[in-house]
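Comments concern the structure below.
Number of protein chains: 2
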Amino acid sequence: MVNKEMALLGTQRSVIRELAEYGRVRAQEIGKENVFDFSIGNPSVPCPPQVTETAAELLANTDPVLLHGYTSAQGDQEVRERIAENLNARFQADVRADNLYITVGAAAALCSCLNGLVCPGDQIVVNAPFFPEYKVFIEKAGAEMCLVDADTEAFQINFPLLEQAVNPNTKAVLINSPNNPSGAIYSLETVEKLAELLEAKSALFGHPIYLISDEPYREIVFDGAEVPFLPSIYANTLVCYSWSKSLSLPGERLGYVLVGDQVEDAETVYAAVAGAARALGYVNAPSLFQQICSRCVDLTSDISVYETNARILTEALTGMGFRLVPPQGTFYMFPETLEKDDESFCRRARDMDLLIVPGSGFGCPGHTRISYCVPTERVERSLPVFQALADSYK
Amino acid sequence: MVNKEMALLGTQRSVIRELAEYGRVRAQEIGKENVFDFSIGNPSVPCPPQVTETAAELLANTDPVLLHGYTSAQGDQEVRERIAENLNARFQADVRADNLYITVGAAAALCSCLNGLVCPGDQIVVNAPFFPEYKVFIEKAGAEMCLVDADTEAFQINFPLLEQAVNPNTKAVLINSPNNPSGAIYSLETVEKLAELLEAKSALFGHPIYLISDEPYREIVFDGAEVPFLPSIYANTLVCYSWSKSLSLPGERLGYVLVGDQVEDAETVYAAVAGAARALGYVNAPSLFQQICSRCVDLTSDISVYETNARILTEALTGMGFRLVPPQGTFYMFPETLEKDDESFCRRARDMDLLIVPGSGFGCPGHTRISYCVPTERVERSLPVFQALADSYK
């Protein structure tokens, strides 16, 4: 008598969560230090001290009725002004406060965009490898997900397949760069080619094809890599952002949607995002953290540990014979598995108390995701286990 | 090219917000003290000092990675245990932590219940007067709202009409007691009669009809009035709660759904709620405020001001010839308007800088909502204006 699809979604445990749960149980049996858990993408470095200081300062010196009161649905005006200013300074953009809709994290941002845009019969195109919750969000919004197989050479975009996938029913292409699970960043060349393709297809089909850019990892890049600012490259871009990773605040749920003036019929698109957020029950994004994040918008957590871990793992795994695209950001890497069946490979790793996630769930079999948002010492101590895993295939 | 219904929802300003906006502009013209704004239901008393102290203590003494990290989707285990303990102590209930699903406020709780339960063709029955966002939430969940006209004598339930409204397509009845906008509390007699009706109809139609009980005002009651605990009275009850009003934290978005073991097939119902929350993009409820609210679950803000305001207004308005049901809780009252056309009446009030909301929007024309979550001195200074309004109809 309940909605069966929803009950199924509420019952199915994700492979990742199950693996993490296994890790917790195993840690009780053999000691936490003996389980090499690379399953979950939970930031391992604390938020910058300024976040805690700002919180304390606001709590001590602001009228609680204002501090904890409803904000406007789109988010507090000054909050949006601070964020716009930051974007304009960094990306030579021309963002106004009213282009921003503050959301309860990136998931809410994505759901607001999808539910705001999707009409019956629409399709949303996603490139593998992809974050598996996209499928849940897309289908709940009433659209069909069209998956484009991965470019496994560089984890850019498989353009011949993308070209085939985009059709008159395509409402949007949803991308995620820096990418979970590959750690790759779409290069300027890639996004320019993507823009060209979408412009051509929009003209051909006589309606805009939106680009929804999910960017929670924008700030977590290595070796000074640059993440192109998409609204400057493709007009009909909607950016979804979150402070979950950059400020290590995943539980606090704070993000935004950016619908810049360059979007065709921007006011209507913004209204659709706002209307969807309203209909999904998102009254406003948490008020205290609106103030905190917007005041700390120039900061990030100390993300150097992720870069260190990436370097150690890339070198070591390559030396062991793993094929991998060196990650340019995030806290993930996505090497090829040493047997075709990635689930079997990850089971073998699990039996060595090395917890890594099969690529199949990300739409990219034959690979495994390693989440290295963990202390560097765990990475170092895990290397002999990776070696033993590799040796077992020799 | 966007979803037109969503764009419309994002464009339409609510009557209440428009009135509040008018009030802000008018305050700049004639001074804040000369505008008697009773439009918005925003708590006017601060959160208890313990909320601020708990926040400061947690920020100072907890590992930020844990404090601000993802919780499980259903909410932190200890958080749910504290809330369950509180419910059990107050209502002689038998709630376990796993019966609770922590949500991003009451709106998210409602949307998770509705989206979890609704199947194509379902109807949700709502009694007038009702909170207008219910219609938005119900329709987005894919159901039709069936409105039952108000019992304007006592703002209990119009049972003859409810009996007619419940049909084989009825998935749930959604109630709100203490009620926004009437301030009435459904009596034990009312809820027992409701339970009897729903049991009979469930048996007749061969499937459960759920009772969704939206209870953000549970703690705000006057003169020791009691709000019956519905899971003890009707088995298939889902309770939606929020700390927005009781702790004056409406912007922080913290609430829960309670699916007790007494619900038929409780695990499946809980899974459906959880699955819907997931598909709507609610990853977890804000983590810091999960800790804060659950530690302050025995407290409320100083709500005596609402009772004082209710008494002053009830006496004064009755003396002026207004007909009204004295509120038993919340911070609203819902007198009859002095002309049939409540919108015309509220326009006349507005021209006297008295901002009150027409009842039509709540499904109950010929009435007006007065939100008295304002300083008592504003209530007192408003009385001559109410008098002038009444006199203008003599």
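Protein chains in written order, with the numbering used here: chain A, 1387 to 1780; chain B, 1387 to 1780.
Backbone N, C-alpha and C define an ideal beta-carbon position, used for all residues, glycine too.
Fully contained in the segment 1706-1752 of chain B is no beta strand (DSSP E) run of length 3 or more. Contacts with chain B (Cβ-Cβ distance below 7 Å) from the segment 1584-1602 of chain A involve H1593 and P1594, listed in chain order. A distance below 6 Å between beta-carbons, with the five flanking residues on each side excluded, links G1749(B) to the following residues of its chain, in chain order: A1514, P1515, F1516 and L1533.
Within 7 Å of the CB of V1669(A), the CB atoms of chain B belong to G1491, A1493 and R1639, in sequence order along the chain.
Distances from the CA of S1425(A) to each of Y1779(A), I1756(A), Q1773(A) and S1768(A) were compared; the closest alpha carbon is that of I1756(A). Here DSSP, grouped into helix, strand and coil, assigns E1443(B) to helix. The continuous alpha helix (DSSP H) containing E1391(B) extends over residues K1390 to T1397. For C1505(A), the three-state secondary structure derived from DSSP is coil. V1645(A): member of the beta strand (DSSP E) spanning G1641 to V1645, first to last residue. Taking a contact to require three or more Cβ pairs closer than 8 Å, the segment 1567-1580 of chain A and the segment 1473-1489 of chain A do not qualify as touching. By the Cβ criterion, the segment 1688-1698 of chain A is not in contact with the segment 1450-1462 of chain A, since fewer than three pairs of Cβ atoms, one from each stretch, lie closer than 8 Å.
Apart from sequence neighbours up to five positions away, the residues of its chain that approach K1587(A) with a beta-carbon distance below 6 Å are V1552 and I1595, ordered along the chain. Only those residues of the segment 1688-1713 of chain B whose C-beta falls short of 9 Å from the nearest C-beta of chain A would be listed, and there are none. Excluding residues up to 5 positions away in sequence, A1483 lie with their Cβ nearer than 8 Å to the Cβ of Q1463(A) in the same chain. In this structure, Y1758(A) places its C-beta atom within 7 Å of the C-beta atom of L1699(A). At a cut-off of 7 Å, the C-beta of V1522(B) has a neighbouring C-beta in chain A.
Contact residues of the segment 1432-1445 of chain B toward chain A are P1432, C1433, T1438, A1441, A1442 and L1445 (C-beta to C-beta distance below 7 Å).
Among the residues of chain B, those whose CB is under 7 Å from the CB of S1430(A) are V1451, following chain order. Taking 7 Å as the upper bound on Cβ-Cβ separation, chain B lies near residues K1526 of the segment 1525-1554 of chain A. For T1457(B), the neighbours in chain A by C-beta distance under 8 Å run, in chain order, G1637.
The distance from the Cβ of V1771(A) to that of M1738(A) is about 5 Å, consistent with a contact at the 8 Å cut-off. Listed along chain B are V1388, each with a C-beta nearer than 7 Å to that of V1655(A). Per DSSP, C1532(B) is one residue of the beta strand (DSSP E) stretching across E1530 to V1534. A distance of 7 Å or more separates the beta carbons of F1720(B) and S1599(B). The Cβ-Cβ distance between E1701(B) and R1709(B) does not fall below 7 Å. At a cut-off of 7 Å between beta-carbon atoms, T1397(A) makes contact with chain B. Closest in alpha carbon position to V1437(A), among R1767(A), D1684(A), G1610(A) and L1624(A), is D1684(A). Contact of N1447(B) with chain A by beta-carbon distance below 9 Å is absent, the smallest such distance being about 11 Å. DSSP, reduced to helix, strand and coil, places A1558(A) within a strand of the structure shown.
Collapsing the DSSP output to three states places V1607(A) in a strand. From the listed residues E1471(A), D1480(A) and T1623(A), the smallest Cα separation to N1562(A) is found for T1623(A). Taking the CA atoms as reference points, E1650(A) sits about 12 Å from E1585(A).
In this chain, the beta strand (DSSP E) harbouring V1625(A) covers T1623 to S1628. Nearest CB-CB separation between G1502(B) and chain A: below the 7 Å threshold. Look at R1664(A): its C-beta is under 7 Å from a C-beta on chain B.
Taking C-beta atoms as the reference points, P1712(B) and E1729(B) fail to come closer than 7 Å.
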